[in-house]
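**Q**
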Amino acid sequence: MSDINSSTKLENFCIPGTHDSGTCGAPPYLVATQTLTVADQLRAGVRFLDIRIGLYRSRLVVVQGYYVIDWSTGGRPLADILGDVYNFLKNTPTETVIMTMMVQGDNDMDAVRQGLMDIFEANPQYWYGYKKSTSFPGSLGEARGKIVLGLRTPDLVENWGLSLAPGWDDNDPDITIGNVDIQDYYKPSVEGSVADSIKDKWDAVNKALVRGRKGDGKWYINFTSANTVDGSTIRGHGPETYAYGDDEESGINDKLNDYFEAPGKGQVGTFPMDFPEYPNGELVTNIIEANFPSQ
1 MSDINSSTKL ENFCIPGTHD SGTCGAPPYL VATQTLTVAD QLRAGVRFLD IRIGLYRSRL
61 VVVQGYYVID WSTGGRPLAD ILGDVYNFLK NTPTETVIMT MMVQGDNDMD AVRQGLMDIF
121 EANPQYWYGY KKSTSFPGSL GEARGKIVLG LRTPDLVENW GLSLAPGWDD NDPDITIGNV
181 DIQDYYKPSV EGSVADSIKD KWDAVNKALV RGRKGDGKWY INFTSANTVD GSTIRGHGPE
241 TYAYGDDEES GINDKLNDYF EAPGKGQVGT FPMDFPEYPN GELVTNIIEA NFPSQ
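Read in order, the letters of the sequence shown correspond to residues 1 to 295 in full-length UniProt numbering.
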C-alpha cells in the first residue's frame, strides 16, 4: 500500500484477503482453511482478515463455527491474533488491515462485548475511528497504520465499526448492505461431479468480478472460499477441493490466479481466499499488481 496514493478509497483497489483467517493448524478438511498463520498472511500481502470468535474458558478465542481452534491448550486467544496485527502495523505503518469480526457458537454476549472492549481499550491507537466512526474510511490515508473493523454480529460494539449485519444472508451470491456488495456463496451445489460443484462456485465468483468492474464506488467483497462437507455425515467437498481442484477441473485459486494475470479493466474488490499461497505463491501478488495496471 505504500505505493498507492493516500487519497485513494479502499473501495477502489484490489485487496487480497483470507477466509476464516485464524484456522491455521486446525484439523484439515472440516475446519482448517489456512496453512499460514495470520502473521505470515500479512507478510505475504494479505490485507483483509475474517476473524470468528467465541468464549472458551472465560476468554475470547478464535473459533470456526462451534469448533474452538487449539481447544486442547485452552483455545487460540483473540488477543494473540490481534497482537500479530498490531506488530505488523507498528513495523509497516503505510499499511491498513480490514478485519471483519463475527461471533459464532453459544456465548454470553454481554461477556463477549466486555471482553472485546477490554481488548480494544488496551490498544485503541490501532483501530480506525475508535469510538467515533461507523463509516468506512474516506481514503487510504485516513486508515494507514490502522485496523478497519467490520461487524458481522449486530450490536457487537457501540458507536464505531462498519455494520455488516443484519443483512448478510447465509450462502448468498449477491448481497447488498448499504454501499457493500458481497458474494458469499460458500455452499455451491453438490449435485453432479466435483467439477460441476467447482464450476458452480466459480460462476458466483466470476459474476461478482463483473460487478466489481462497474466503477460505481461500492466495496465489493468476493469470497472465493467454499466448503460443502456435512459434519454429521462427512459427505461433500472440503475447502481444499474447491481451492485446489481435482484431476478433472482446476480449482478456484487456479482460476482466480489465471484471471488476475490479465484482469478486466477497472477491476476492484476484496478477495477472501482459502489457502492463498496455492497454486504457485503468486496469487496474492497478482491481485496486488492489479492496482498498478500501467506497470
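No residue lacks a Cβ here, since even glycine has one placed at the ideal position from N, Cα and C.
With contact counted as at least three CB pairs below 8 Å, one residue from each stretch, are the segment 26-38 and the segment 76-87 in contact?
**A** Yes: the two stretches touch, three or more of their Cβ pairs being nearer than 8 Å.
**Q** Spatial neighbours of Asn159 within its chain, please: C-beta separation below 8 Å, excluding the five flanking residues on both sides.
**A** Excluding sequence neighbours, Asn159 sits near Lys131, Lys132 and Thr134.
**Q** Three Cβ pairs or more, each shorter than 8 Å: is that satisfied between the segment 114-133 and the segment 183-193?
**A** Result no; under three Cβ-Cβ pairs closer than 8 Å.
**Q** Alpha helix (DSSP H) containing Met109: first to last residue?
**A** Met109 to Ala122 is the extent of the alpha helix (DSSP H) around Met109.
**Q** Let me make sure I understand the geometry here. Which of Leu140, Ile98 and Val68 has the alpha-carbon closest to that of Asn107?
**A** Asn107 has its Cα closest to that of Val68, out of Leu140, Ile98 and Val68.
**Q** Mapping DSSP to helix, strand and coil, what is Arg211?
**A** In this structure, Arg211 counts as helix in the three-state DSSP scheme.
**Q** Taking only the alpha-carbon atoms, compute the straight-line gap between Asn123 and Ala79 and give it to the nearest angstrom.
**A** C-alpha separation (whole angstroms): 11 Å.
**Q** With Gln183 as the anchor, note down where its beta strand (DSSP E) starts and where it stops.
**A** Note, Gln183: beta strand (DSSP E), Val180 to Gln183.
**Q** Secondary structure at Asp50, three-state DSSP: helix, strand or coil?
**A** If DSSP states are grouped into helix, strand and coil, Asp50 belongs with the strands.
**Q** Using a 10 Å radius around the Cβ and a threshold of 16 neighbouring Cβ atoms, would you call Ala243 buried or exposed?
**A** Buried.
**Q** Which first and last residues belong to the beta strand (DSSP E) in which Leu60 is found?
**A** Start and end: Arg59 to Gln64.
**Q** In angstroms, rounded to a whole number, what distance separates the CA positions of Met273 and Thr224?
**A** Each residue's Cα considered, the two are about 5 Å apart.
**Q** Can you check whether the C-beta of Met109 is within less than 7 Å of a C-beta belonging to chain D?
**A** No chain D is present in this structure, which holds just one protein chain.
**Q** Measuring only the C-alpha atoms, how far is Gly215 from Asn12?
**A** The straight-line gap from Cα to Cα measures roughly 8 Å.
**Q** I'd like the list of long-range same chain contacts for Leu209, defined as Cβ closer than 6 Å, with 5 residues on each side in sequence excluded.
**A** Answer for Leu209: no residue qualifies.
**Q** Just to check my reading of the structure: Thr153 and Val103 have Cβ atoms closer than 8 Å, yes? What is that Cβ distance to the nearest angstrom?
**A** With a Cβ gap of about 4 Å, Thr153 and Val103 count as contacting.
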